[in-house]
Every structure is written in C-alpha cells, then in structure tokens.
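A.B. asks: Residue numbers (mature numbering (1 follows the signal peptide of the UniProt record, and there is no 0)): -19 to -1, 1 to 218. Using N, Cα and C, we set each Cβ at its ideal position, and we do this for glycine too. Since the model is a prediction, treat every value here as computed from it, not as a measurement. First the structure, then my questions, so here it is.
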Amino acid sequence: MRHAVLLLLFVCIGGFAHAQLNLDKLKKTLKGGGMPTTEEVAAGLKEALTNGASKGSDLVSQADGYFKNAEIKIPFPPEVKQVETKLRQVGMGAQVDKFVLALNRGAEEAAKEAKPIFVSAIKQMTVQDAWSILKGEDDAATQYLDKTTSPELTTRFKPIIQSALQKVSATKYYADLVNAYNKLPMVQKVNPNLDDYATEKAIDGLFVMVAKEEKNIRDDPGARTTDLLKKVFGAQK
C-alpha cells in the first residue's frame, strides 16, 4: 500500500512538472518567443517602416539634411543640364549655386511635414507576402512601401513642397535662371516643372533614409527596440 501511495505521488509530481513546463513555454510564446505569425510579421514590417519614416524625416528636416548628404542632395534638374552648363559659362554660377541651395532648403522645410504623411500611408497599407518581404533584401519592406504608396505620397506631399519652395525663394530663383537662359541667343527655350522634380527627389531622399533604418533593424539586434521587432526580425533568416 505504501509503495502504491509513493508511486501515485511521483506520478502527480511528474504531471505537475510537465504542466508547469508547458505553462512556461506558453508564457515565453506570449512574451515574444517562438515563430511570429503572419499577422505579427506584417505588423513588425510596418513598425520598422514607421520608425524609418520618423527618424528619416527628423534627420532630413534639419538644416543641411538634404544639402550636405551626398546620397540625397537634390541637384540642378538633370533634364535641363544644358541650362546649368550654359549659365555657368556666362558667369551665372553663383546664381545657380544659390538656387541649388534653396532647392534643398525647400526639401528640408517640407520634410518637417512629411512624417505624418508617411506614417499614415504605412498604417493604411496592406502587406501581402509578409514572410517573403521579411526574408527578402535589406530594403525589401521599403521597396514594397515605395511601390504601393508612392502615388498617394506624391499627391499629398506636392502642395507642401510647392509651399516650401516659395518660402525659401527657390521658385523665384529658378524662374530667374530659366528666363535668363531663354534670353540667350541660339538656345532652345525651356520651361521645366520644378514642383514635380522637387517633389520626386524629396520623396526619393526620404525613402533612402527609411531603407537605412530598415537595414539597421535587420542587421543590428540592438536596433530592435520593441518586443515585436525582436520577435519578427529575429526570425528573418
């Protein structure tokens, strides 16, 4: 009888230990352990993009955020490169440089209002093939954001860049340069759209910054500042 009681006691203790082990595993899963679900992967990608958009817009909206960043500095519109070349030849290099500085100042000014536009677009986008994006290139999520939201971002950002260019006199400087060029003998007159160009380049620069933050989160565990980012990007390989 004594042996039977001891055996029953051991069985109960063993069962309790097994149950406790399962409970510990469940707690670990709930705290972020284990493989993320597809929904968690999608949410993690969007969180990484949101971080990138927030940090990126904060950086480029500072003085020289565009102008002194070689990766995203906005040059004289290349489609009218002959305008820049010709004006420099006739001694208007200083005016050209003044315009390029103002163009980048306009982008920096506009970037102050870029964050809520980007964050809103990120929150509203639907992530398809979340796992393939997670296991894709270092900027796969940024590429997806670009592909799915660029038209909306352009529409919403263009009025802001227009206002910013006028505020820093870039629009006036550009008109003066184009008018001066068109008055030169033996040149084909031009009338390029500055707003479209500046909007495209400003958004491109922001995407560069978002991609950098995405890569940072992918490569550096220390950059994964939330449980969701740790869980999702810890499972990327």
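So what's PHE(-10) in DSSP terms, helix, strand or just coil?
C.D. replies: For the purposes of this step, residue -10 is identified with residue 10 of the sequence shown, where counting begins at 1. Residue placement at PHE(-10) is flagged as unreliable, the pLDDT there being 43, under the threshold of 50; a coordinate-derived value is accordingly withheld.
A.B. asks: How is ASN160 classed by DSSP in three states: helix, strand or coil?
C.D. replies: On the sequence shown, position 179 is the one that residue 160 refers to. Of the three classes helix, strand and coil, the one that applies to ASN160 here is helix, per DSSP.
A.B. asks: Are the CB atoms of GLN217 and LYS54 within a distance shorter than 7 Å?
C.D. replies: Sequence index remark: in the sequence shown, residue 54 carries index 73 (1-based). Sequence index remark: in the sequence shown, residue 217 carries index 236 (1-based). No; because the gap between Cβ atoms is not below 7 Å, this pair is not in contact.
A.B. asks: Does the stretch 80 to 95 come into contact with the stretch 200 to 208, if we say contact requires no fewer than three beta-carbon pairs (one atom in each stretch) closer than 8 Å?
C.D. replies: no
A.B. asks: Under the three-state reduction of DSSP, which class applies to GLY72: helix, strand or coil?
C.D. replies: Reading the sequence shown from its first residue, position 91 is the one you call residue 72. GLY72 falls in the coil class under three-state DSSP.
A.B. asks: If we ignore side chains and look at the alpha-carbon of each, how far apart do ASP185 and ALA156 end up?
C.D. replies: The residue given as residue 185 occupies position 204 in the sequence shown. The residue given as residue 156 occupies position 175 in the sequence shown. When rounded, the distance between both Cα atoms is 24 Å.
A.B. asks: Answer with buried or exposed for ALA51, where buried requires no fewer than 16 other C-beta atoms within 10 angstroms of its C-beta.
C.D. replies: Counted from its first residue, the sequence shown places residue 51 at position 70. By the 10 Å Cβ count, ALA51 comes out exposed.
A.B. asks: Once you ignore the five residues that flank PHE214 on each side, which residues in its own chain have a CB closer than 7 Å to its CB?
C.D. replies: In the sequence shown, residue 214 corresponds to position 233, counting from 1. For PHE214, where only same-chain residues beyond five positions count, the Cβ hits under 7 Å are GLY25, ILE198, ARG199 and ARG205.
A.B. asks: Note down, in chain order, each residue of its chain lying with its Cβ closer than 8 Å to the Cβ of LYS67, except the 5 sequence neighbours on either side.
C.D. replies: Here the question's residue 67 lines up with position 86 in the sequence shown. Within the same chain, LYS67 has close Cβ partners TYR162, LEU165 and VAL168.
A.B. asks: Round the Cβ separation of PRO56 and VAL81 to the nearest angstrom and send it over; I've been treating them as touching at under 8 Å.
C.D. replies: What you label residue 56 is simply residue 75 of the sequence shown in a count that begins at 1. What you label residue 81 is simply residue 100 of the sequence shown in a count that begins at 1. Yes, PRO56 and VAL81 are in contact; Cβ-Cβ is about 7 Å, under 8 Å.
A.B. asks: Just the C-alpha distance for GLN143 and GLN109, rounded to the nearest angstrom, thanks.
C.D. replies: Counting from 1 along the sequence shown, the entry for residue 143 is found at position 162. Counting from 1 along the sequence shown, the entry for residue 109 is found at position 128. Roughly 33 Å separates the two Cα atoms.
A.B. asks: Which runs of the beta strand (DSSP E) fall wholly inside the stretch 137 to 200 and span at least 3 residues, in chain order?
C.D. replies: none
A.B. asks: Give the secondary structure of THR135 by DSSP, where H, G and I count as helix, E and B as strand, and everything else as coil.
C.D. replies: Reading the sequence shown from its first residue, position 154 is the one you call residue 135. Three-state result, THR135: helix.
A.B. asks: Between which two residues does the alpha helix (DSSP H) holding ASP39 run?
C.D. replies: Here residue 39 corresponds to residue number 58 of the sequence shown, with the count starting at 1. Counting along the chain, the alpha helix (DSSP H) containing ASP39 begins and ends at 19 to 41.
A.B. asks: For the alpha helix (DSSP H) containing PHE99, name the first residue and the last one.
C.D. replies: Taking the first residue of the sequence shown as 1, we reach residue 99 at position 118. Where PHE99 is concerned, the enclosing alpha helix (DSSP H) stretches over 95 to 105.
A.B. asks: Where does VAL191 land, buried or exposed, given buried means 16+ other C-beta within 10 angstroms?
C.D. replies: Here residue 191 is taken as the residue at index 210 of the sequence shown, counted from 1. So VAL191 counts as buried.
A.B. asks: Closest to LYS148 by CA distance: which of GLU89, ASP78 and ALA183 is it?
C.D. replies: Numbered from its first residue, the sequence shown carries residue 148 at position 167. Taking only the C-alpha atoms, the option nearest LYS148 is GLU89.
A.B. asks: Thinking LEU158 and GLU28 are a contact (beta carbons under 8 Å), I'd like their distance in whole angstroms, please.
C.D. replies: Residue mapping note: residue 158 aligns to position 177 of the sequence shown, counting from 1. Residue mapping note: residue 28 aligns to position 47 of the sequence shown, counting from 1. Not a contact, Cβ separation roughly 43 Å.
A.B. asks: Under 7 Å, do LEU146 and GLY87 count as touching if we go by C-beta distance?
C.D. replies: Position 165 of the sequence shown, counted from the start, is the residue given in the question as residue 146. Position 106 of the sequence shown, counted from the start, is the residue given in the question as residue 87. The answer is yes: Cβ separation under 7 Å.
A.B. asks: Within its chain, find whatever has a CB closer than 6 Å to the CB of ASP201; leave out the 5 residues flanking it on each side and keep chain order.
C.D. replies: Start at 1 with the first residue of the sequence shown, and residue 201 comes out as number 220. Closer than 6 Å at Cβ, skipping near neighbours: no residue.
A.B. asks: Does the count of Cβ pairs from the stretch 98 to 105 and the stretch 28 to 48 closer than 8 Å reach three?
C.D. replies: yes
A.B. asks: What three-state label does DSSP hand ILE114 in the structure shown?
C.D. replies: For the purposes of this step, residue 114 is taken as residue 133 along the sequence shown, with counting starting at 1. DSSP places ILE114 in helix when its eight states are reduced to three.
A.B. asks: Expressed to the nearest angstrom, what Euclidean distance is found between the alpha-carbon atoms of MET73 and THR19?
C.D. replies: On the sequence shown, position 92 is the one that residue 73 refers to. On the sequence shown, position 38 is the one that residue 19 refers to. Rounded to whole angstroms, MET73 to THR19 spans 57 Å at the Cα level.
A.B. asks: With DSSP run on the structure shown, which of helix, strand or coil describes THR207?
C.D. replies: By one-based count along the sequence shown, residue 207 stands at place 226. It is coil, neither helix nor strand.
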